Amino acid sequence: MKGSIRPLTFSALGIAAVLVIWQVLAEAKVAGNALPPATTVFSTLATILGTATFWSSLGATIGIALLALALSAVAGVILGLLVGTFETVRFATLAVLEFLKPVPPIVILPLAVLVLGPTGEMSLFLVVFGCLLPIVMQTVDGVQSTDPVARDTARSYGMREPEILARVVLPSAMPYIGTAMRVAAPAALVVTVVAGLLGGGPGLGQSIYQAQAAGDYASLYGMVIVLGVLGLLFQGATRLAERRVLHWHESYREVMP
Amino acid sequence: MSIRQAPSLSTRNRKSAMAQQPETRINATTPRLDVAHLAKSYGSGEKSHAVIEDLTFTVDAGEVVCIVGPSGVGKTTLLKCLAGLHPASSGRAAIDGRPISGPPREMALVFQDYNRSLMPWLTVRKNLVLPLRHLKLPAAELKERCDSALAAVGLSHADNQYSWQLSGGMQQRVAIARALAYRPEILIMDEPFASVDAQTRFDLEDLCLKIRKDFNMTILVVTHDIDEAVYLADRVVVLGSKPARVLKIVGVDLPAPRDQITTRSLPEFARQRTEVLSLIKRPV
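What follows is the structure in structure tokens.
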């Protein structure tokens with residue numbers, strides 16, 4: 112058990128060190144009023160946690176991020192399977208997809224706000240825009256990395272293409288899709304917040320913007336801390352899900368006694 | 343050990359075969375597997391590259407035929423043509439007189455790379471079930487097929503394990519069990535025992551002969567191991583390169599049942615392996 116306690120100890124020490132440095136820098140007024148001390152931020156955070164508005168914006172943020180993530184996953188995997196399987200679809204779409212892939216969602220934020228307004232739909236659209244393409248591209252890679260021997264095996268047993276796609280190609284591509292989801296989950300959270308911060312979409316992003324506009328820096332940092340914790344939870348949840356779904360994969364296999 | 347050919351299936355195959363080519367089934371001398379002037383080349387025009395040129399041989403019902411030849415001769419390509427995975431460029435390959443145009447229902451394939459051919463996300467039993475799903479069998483028959491196939495290869499205890507938790511020899515047994523559960527009449531094996539250790543290899547060779555005996559299976563094995571070919575086969579098809587062509591078909595006249603120790607120490611065994619070896623070693 113020694114192995115599991117030591118990393119925990121060091122993590123705690125690391126966090127404590129950051130908090131101490133923060134406290135010292137804030138007391139020294141290095142950033143003026145823009146950086147309140149950690150103690151102030153935490154006591155403000157405790158107050159915020161007692162308000163209904165905080166919980167509804169937290170719910171909006173989580174809801175938008177998760178819904179967008181689910182939509183991106185379903186649409187991305189289906190699109191990826193099609194693009195990866197059919198050459199005609201690949202040639203028709205790959206140039207467009209490769210072109211759109213490096214475009215960050217923030218670039219099209221003004222357009223999204225103009226068309227959809229400062230709404231939840233706008234945030235949802237931006238998050239899907241940001242998450243969909245990486246999932247599509249990873250799925251395509253996964254499809255194309257399917258072992259030809261596995262495909263030949265399925266074909267030799269008279270399995271038809273749709274069944275091979277669902278029962279051989281899709282599971283083969285799962286490690287790639289898992290990686291894409293692990294990257295997409297925190298990204299979904301970030302884009303949801305950005306859409307609220309800069310585009311006026313509902314959620315914690317909007318609350319942070321309002322706190323900033325009101326000069327309420329303690330609340331601002333309090334909510335940033337909440338976001339950080341939320342990010343860790345998203346990351347942990349996707350890791351856990353990945354480990355469960357891909358328990359058979361080389362990187363997760365447990366050696367039999 | 344009671345995998346028997348499902349009668350309904352054989353009858354159905356026979357009926358459909360008769361419907362297509364009435365005269366062929368009636369002729370008792372029609373070989374199960376008939377390969378005539380088969381050729382396969384990849385690419386077209388000037389870039390065309392012949393892998394197989396004019397192969398002719400037959401496999402009779404219940405026979406074990408081994409194909410040997412130097413590596414890279416096109417043996418795997420030949421099997422893919424026979425399994426209906428690749429179309430032949432010219433010539434013909436037929437089962438019971440019916441030309442092979444897609445994966446034939448009465449045939450099952452065992453690949454050399456068991457770890458690539460078995461699905462790592464499925465347990466042993468689910469690997470067996472995977473190719474059977476589209477047959478829409480009743481649940482009881484599905485279970486019975488898997489149970490008896492696993493029993494036939496001695497892996498009844500491993501059905502809930504994943505293939506990657508098993509040794510190489512056991513994994514290849516799973517691949518063979520998957521083929522048996524499909525209830526084929528012809529088993530085609532591509533270098534099936536090339537990736538296992540020598541002792542396991544002997545065990546799997548004997549398993550192969552047992553399957554022939556128990557299920558009256560017709561078996562075609564591609565191997566580069568001449569001793570293995572002579573030990574297993576009723577006839578050995580010796581291929582030369584390149585492109586692949588039949589050098590000679592050697593009839594193996596060794597008594598049954600074959601045994602790893604006594605058969606391999608017979609003077610006749612040595613004579614036959616020498617004959618095959620000298621064909622392959624001969625400068626071409």
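Taken in sequence, the protein lines are chains A and B.
With the working numbering as the guide, the letters of the first sequence map in order to residues 112 to 368.
With the working numbering as the guide, the letters of the second sequence map in order to residues 343 to 626.
Ideal Cβ placement from N, Cα and C applies to all residues, glycine included.
Note that the structure is predicted; figures quoted are calculated from it, not measured.
Mapping the DSSP letters down to three states, classify Leu380/B as helix, strand or coil.
Note: Leu380/B maps to strand in three-state DSSP.
In this structure, how does DSSP classify Thr366/B when only helix, strand and coil are distinguished?
Here the model assigns Thr366/B a pLDDT of 41, short of 50, so the residue's position is not dependable and the matter cannot be decided.
One or two residues paired with Ala399/B in a DSSP bridge:
The identity of residue 399/B in the sequence shown is Phe, whereas the question assumes Ala. In the DSSP output, where bridge partners are listed per residue, Phe399/B has Val377/B.
Less than 7 Å between the C-beta atoms of Leu460/B and Ile530/B, yes or no?
no
Lys422/B: first and last residue of the uninterrupted alpha helix (DSSP H) it sits in:
Lys417 to Leu424
With distances taken Cα to Cα, identify the nearest neighbour of Ala181/A among Leu235/A, Ala284/A, Val207/A and Gly161/A.
Answer by Cα proximity: Leu235/A.
Backbone CA spacing between Glu361/A and Glu405/B [nearest angstrom]
40 Å
Can you check whether the C-beta of Leu451/B is within less than 7 Å of a C-beta belonging to chain A?
yes
Specify the secondary structure class of Met270/A as computed by DSSP and reduced to three states.
coil
Contact check, Met250/A vs Leu192/A under 8 Å by CB: the rounded distance?
The residue you asked about is not Met; residue 250/A is Thr in the sequence shown. At roughly 6 Å, the Cβ-Cβ gap stays under 8 Å, so Thr250/A and Leu192/A are in contact.
Under the DSSP definition of a beta bridge, which residues are partnered with Lys468/B?
The partner list for Lys468/B (beta bridge, DSSP) is empty, contrary to what the question assumes.
Report the rounded CA-to-CA distance for Glu365/A versus Leu225/A, giving the unit in angstroms.
52 Å
DSSP bridge partner residues for Arg434/B (one or two, in chain order)
Ala378/B
Would Val254/A and Val214/A qualify as a contact pair, given that the criterion is a beta-carbon distance under 7 Å?
no
Where in the segment 434–516 of chain B do unbroken runs of the beta strand (DSSP E), each at least 3 residues long, occur, reported from the N-terminal end onward?
449–452
In its own chain, which residues sit with a C-beta less than 7 Å from the C-beta of Arg615/B, not counting the 5 before and 5 after it?
Ile568, Asp569 and Val572
Run through the segment 509–562 of chain B for me and flag every whole alpha helix (DSSP H) of 4 or more residues, listed as ranges in chain order.
510–523 and 540–557
Is Thr264/A helix, strand or coil by DSSP?
helix
Based on DSSP bridge pairs, tell me the residues matched to Thr565/B.
Val410/B
Which of the three DSSP states is assigned to Leu427/B in this structure?
coil
Please classify Arg354/A: does DSSP put it in a helix, a strand, or coil?
helix
Using 10 angstroms around the beta-carbon of Thr199/A, count the other beta-carbons present and answer buried if the total reaches 16, otherwise exposed.
exposed
CA-CA distance, Gly161/A and Thr155/A?
10 Å
Nearest-angstrom Cα separation, counted from Leu190/A out to Met292/A
15 Å
May I ask you to verify whether the segment 241–249 of chain A touches the segment 313–332 of chain A, counting CB pairs closer than 8 Å and requiring at least 3?
no
Straight-line gap, Leu237/A to Thr303/A (C-alpha atoms, nearest Å):
8 Å
Opposing strand residues paired with Val685/B [DSSP bridges]
Residue 685/B falls outside the range modelled here, since chain B spans only 343 to 626, and no answer is possible.
Where Arg271/A falls, given that 16 or more other Cβ within 10 Å makes a residue buried
exposed
Please return the same chain residues whose Cβ sits closer than 6 Å to the Cβ of Tyr363/A, not counting the five positions on each side in sequence.
Answer for Tyr363/A: Arg354 and Leu357, listed in chain order.
Quick one: measure Cβ to Cβ for Ile437/B and Gly416/B, integer angstroms, because I've assumed they're closer than 8 Å.
Going by Cβ atoms, the distance from Ile437/B to Gly416/B rounds to 21 Å, so no, they are not a contact pair.
Report the neighbours of Ala430/B on chain A: residues whose CB is nearer than 7 Å to its CB, in chain order.
Those within 7 Å of Ala430/B in chain A number zero; the least Cβ separation is about 16 Å.
When you check each C-beta in the segment 403–427 of chain B against every C-beta of chain A, which residues fall closer than 9 Å?
Within the segment 403–427 of chain B, those residues whose Cβ lies closer than 9 Å to any Cβ of chain A are, in chain order, Lys422, Ala425, Gly426 and Leu427.
Check Ala142/A in the structure and name its three-state DSSP category.
coil
Beta-carbon proximity check, Thr604/B vs Ala403/B, cutoff 7 Å:
no
Per DSSP, His391/B is paired with what?
Tyr384/B
Cβ-based burial, Ala139/A [other Cβ within 10 Å; buried from 16]:
exposed
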